[in-house]
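The structure appears right after this line, and notes come after that.
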Amino acid sequence: MSLLNRTRTHLGILAIMAGLHTAAATERIFTYSYEPETMPQGALEFEQWVTLRTQRTQGGEVKKQNFNRWEIREELEYGVTDNYTVGFYLNAKAESFRDVSVTPHQDVSEFEFAGISLENRYMVLNPAEYPVGVTLYLEPTFTGSEAALEQKIILGQRHGDWKWALNLVHETEWEDNFHETVGEVEATFGLGRQLSPRWTVGLELRNHSEIPEYSEWESMALHLGPVVSYRQEKWWGTLTVMPQVWGKNFDGNPDDNRWLELEDHERVNIRLILGFNF
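In structure tokens form, the structure reads like this:
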């Protein structure tokens, strides 16, 4: 075989290996912001989500001290086609706080199954082929006595070692045995830089608002903080820590805080996602 043919062969093998690596790369470098890429057809992944939402001061008429809410999600994700990914979630949550609105103060601790969710992501524009990647997202959730429907427009792109993602989110929740309706509007943004083949670091921002019964804008909170991601061949992990940097309750000031919104939102949100490829 001539030197030219051997060179072409080696380049072809490298190209195939690079394509296989790209196809197998399903890790996320953000935890609140989805990236537009979907899983390759036939790929299967398990993800473990752990979210801590900590420190509120009010919940209706209940004044809360040392508030902590843990949200646990197990997801099995599958690439139906190269453009369409489906995910099945099992959800649970645990909440604890001290109720200081009663005397003597009462410690409250609750754990409950939070239903099942079915995530659907369809990539309309592949970021490898277009200036901006675009993916549509739909996720229904059902618990038996409550339900929710979440929609997202996911935008993003990579520029060398830098990558960004923007999510525009709307969700409707039917609570209290379907007697109450709450609308939620959210925008998240992530910016990350790959430091090495293993490590990526960056920042995430989340702006979340609640609109009970779609009648009036009740509250808004802005969270901002660092994100770090690590990956191996068969697994990856991503951690975000986001303190609340600004918040507003438009229905008076029930939490007695001028700069933060602590009735519907927490001082700090922390999320860890671990992914395992099969």
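Read in our numbering, the sequence shown has 34 at position 38, and its numbers run on one by one without any break.
Even glycine gets a Cβ: it sits at the ideal position worked out from N, Cα and C.
All of these numbers come straight from a predicted model, not from anything done at the bench.
Query                                                                                                    : Result
The beta strand (DSSP E) enclosing SER215, as first and last residue numbers                             : 215 to 227
Straight-line gap, ASN116 to THR27 (C-alpha atoms, nearest Å)                                            : 17 Å
Within 7 Å, strictly: CB atoms of GLY186 and GLU200                                                      : yes
For VAL46 and LEU268, believed in contact at Cβ under 8 Å, the rounded distance                          : 5 Å
Limits of the beta strand (DSSP E) - the one that VAL82 falls within                                     : 80 to 95
DSSP bridge partner residues for THR47 (one or two, in chain order)                                      : GLU67 and ARG267
Proximity winner among GLU169, GLY188 and ASN173, relative to GLY179 (alpha-carbon distances)            : GLU169
Cβ pair LEU258, ARG52 closer than 7 Å                                                                    : yes
Best match in GLU43, ASP103 and VAL224 for proximity to PHE84 [C-alpha to C-alpha]                       : GLU43
First through last residue of the beta strand (DSSP E) which encompasses TYR118                          : 102 to 121
When GLY198, SER113, VAL224 and ARG24 are compared against GLN147, the one with the closest alpha-carbon : SER113
Distance CB(LEU279)-CB(GLY233) smaller than 7 Å                                                          : Within the shown structure, residues of the chain are numbered from -3 to 274, placing residue 279 beyond reach of any answer.
For GLY186, the three-state DSSP class (helix, strand or coil)                                           : strand
ALA161 at chain C interface by Cβ criterion, 7 Å                                                         : As a matter of chain content, chain C is missing from the structure shown, which is built from one protein chain.
Span of the beta strand (DSSP E), counted from its first residue to its last, around TRP160              : 158 to 171
Among SER92, VAL237, THR131 and GLN153, nearest to ASN265 - alpha-carbon criterion                       : VAL237
With 16 other Cβ atoms within 10 Å as the buried cut-off, status of LYS230                               : exposed
GLU31 vs GLU73 beta-carbon contact at 7 Å                                                                : no
Option nearest ILE25 by Cα separation, candidates VAL197, GLY243, GLU262 and THR34                       : VAL197
Member of ALA110, TYR226, ALA39 and THR34 whose CA lies at the smallest distance from the CA of THR139   : ALA110
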